[in-house]
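Protein chains in written order, with this note's numbering: chain A, 1 to 23; chain D, 1001 to 1349.
Built from N, CA and C at the ideal position, the CB exists for glycine as well.
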Amino acid sequence: CSDSDLGPISLDWFEELSSEAPP
Amino acid sequence: TEAEQVTPVLLDGLREENLQFISKLKDSSSSCAVDVSSVWWEAAGCRELCVVTACESSVSLWKPQALDCWEKVYTWQLGEIPVIQIIPLPDTCNLVCIALGNLEIEEIRLLLYSSENDSFKQSLVKSGNIKAVLGLKDGRLVSSSTTMQEQQVEIVSVSETGRCKDRQTLMPPEETVLAFAEVEGVSDALVGTTAVNSVAIWNLKTGQLLKKMHIGYSYPASICHRAYSDSGLLFVVLSHPHAKESESCGNPAFRVVAFNPKTARSTGVMFSSLPPGHTGRYLEGEVKAACAAAVLSSGCIAVWDLLLGCCTALLPPGSDSRWAVVRWSAAGSGLLAGQEDGSVCVYRY
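See the structure below:
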């Protein structure tokens, strides 16, 4: 799979989603 | 004769046997194997990997003996509610966790040995309309349960004395959670698959529901078995008990799907289908690392290499009893296979 199929990939996805999600 | 009945079938001209029969244990008082599991058990300073077998009304602990024999150490008798599942608790010792219920789980109980009063005992962890439960590392259990109004997703920490030390709730999604998996590589992440075929991600530390990602309509009622994070992607191993056969994929039992948690987009990575020419479908199974095993509706057990997407061994049903349940051992490469007559065969994979 490529970036274009799945969109931009972040190695820190867990930390980023945790900071964006409601507490 | 017994060994002949349980000799693995070799597929597609494979020369080496991938499953080696080791031993068999038979509970003469048991009618049907509901579930089987392995548990670390320490007694008199000796820690051993024991086998736990469950039938509807009792759960037995079996200790390994010389010459591949097994000795039944103790049998816990349960009440009126039937045992339907053994819940493995990783990294624990002298603790067996079970689910009891009829169509759905009604109780979760711990079975243990108490050195305080030198007796085997049991304790209630949770009761209710429980839809899914999973043993997590550090002696924790996560479960989803429903009331008339809402769903509760809860983590309970249990001690080796059978006490519930701590309870924490996670934010529930709108739809019912049907299965959970810890995320390898991200210590505080948990995923679950839901009744509308989504994968939910939680932060175990904060209880936040981080994301919901739809799996797609081709494979309804997918169940997650394993999840790991690699290179910014979340890989989830799913089983598809209700998938329809297709020309491109055959009859899929397991699928590895890569999700981008940032965008919720996904792509299938690998299919593991039923062996060519094999009729029937996936009934139930378990995944350990890159290996998957399942009982098929034909009464066979199939084993797959999930990275190669191919079936590596097939155990036909015995002449007098079909396979009912298959589980991976907690240590090494052991496979525990339970038959409908209550006997359990131990294989090395």
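At a cut-off of 8 Å between C-beta atoms, residue 1209 of chain D counts as an interface residue with respect to chain A. In the same chain as residue 1202 of chain D, and ignoring 5 residues on each side of it, the C-beta atoms closer than 8 Å to its own belong to 1153, 1170, 1171, 1189, 1190, 1191, 1192, 1208, 1209, 1210, in chain order.
With a 10 Å radius around the Cβ and a threshold of 16 neighbouring Cβ atoms, residue 1339 of chain D comes out buried. In the three-state reduction of the DSSP assignment, residue 1297 of chain D falls in the coil class. A contact between stretches requires three or more CB pairs, one per stretch, nearer than 8 Å, and the segment 1284–1291 of chain D fails this requirement with the segment 1264–1273 of chain D. For residue 1123 of chain D, no alpha helix (DSSP H) run applies; the uninterrupted beta strand (DSSP E) run containing it begins and ends at 1119–1136, by DSSP. When DSSP states are grouped into helix, strand and coil, residue 1231 of chain D belongs to the coil group. Using a Cβ-Cβ cut-off of 8 Å, residue 1255 of chain D does not count as an interface residue toward chain A, since no Cβ of chain A sits closer than that to its own. In terms of beta-carbon proximity, residue 1173 of chain D stays away from the interface with chain A, with every pair separated by 8 Å or more.
For the beta strand (DSSP E) assignment, the uninterrupted runs of no fewer than 3 residues enclosed by the segment 1129–1183 of chain D are, from N- to C-terminal side, 1140–1146, 1151–1158, 1164–1170.
Residue nearest to residue 1303 of chain D within the set D/1320, D/1150, D/1327 is D/1327 (criterion: CA-CA distance).
Contacts between residue 1261 of chain D and chain A, judged by CB atoms closer than 7 Å, involve 13, 17 in chain order. Here residue 1320 of chain D is exposed. Its C-beta has fewer than 16 other C-beta atoms within 10 Å. D/1078 is the residue among D/1025, D/1078, D/1113 whose C-alpha sits nearest the C-alpha of residue 1098 of chain D. Apart from sequence neighbours up to five positions away, the residues of its chain that approach residue 1089 of chain D with a beta-carbon distance below 6 Å are 1095, 1097, 1135, ordered along the chain. Three or more Cβ pairs drawn from the segment 1250–1260 of chain D and the segment 1294–1309 of chain D lie within less than 8 Å of each other, which places the two stretches in contact. Check the Cα spacing between residue 1148 of chain D and each of D/1129, D/1100, D/1205: the tightest is with D/1129.
Looking at D/1142, D/1108, D/1140, D/1114, the one whose alpha-carbon comes closest to that of residue 1127 of chain D is D/1108. Per DSSP, residue 1067 of chain D is not a residue of any beta strand (DSSP E), being assigned neither H nor E.
Comparing alpha-carbon positions, the option among D/1071, D/1133, D/1212, D/1158 lying closest to residue 1178 of chain D turns out to be D/1133. Residue burial annotation: residue 1276 of chain D is exposed, with fewer than 16 other C-beta atoms found within 10 angstroms of its C-beta. When 7 Å is used as the limit between beta carbons, residue 1092 of chain D is near no residue of chain A, the shortest such separation being about 26 Å. Think of a sphere of 8 Å around the beta carbon of residue 1206 of chain D: the chain A residues whose beta carbon falls inside it are 18, 23, in chain order. Out of D/1146, D/1161, D/1142, D/1237, the CA that lies nearest to the CA of residue 1155 of chain D is found in D/1142.
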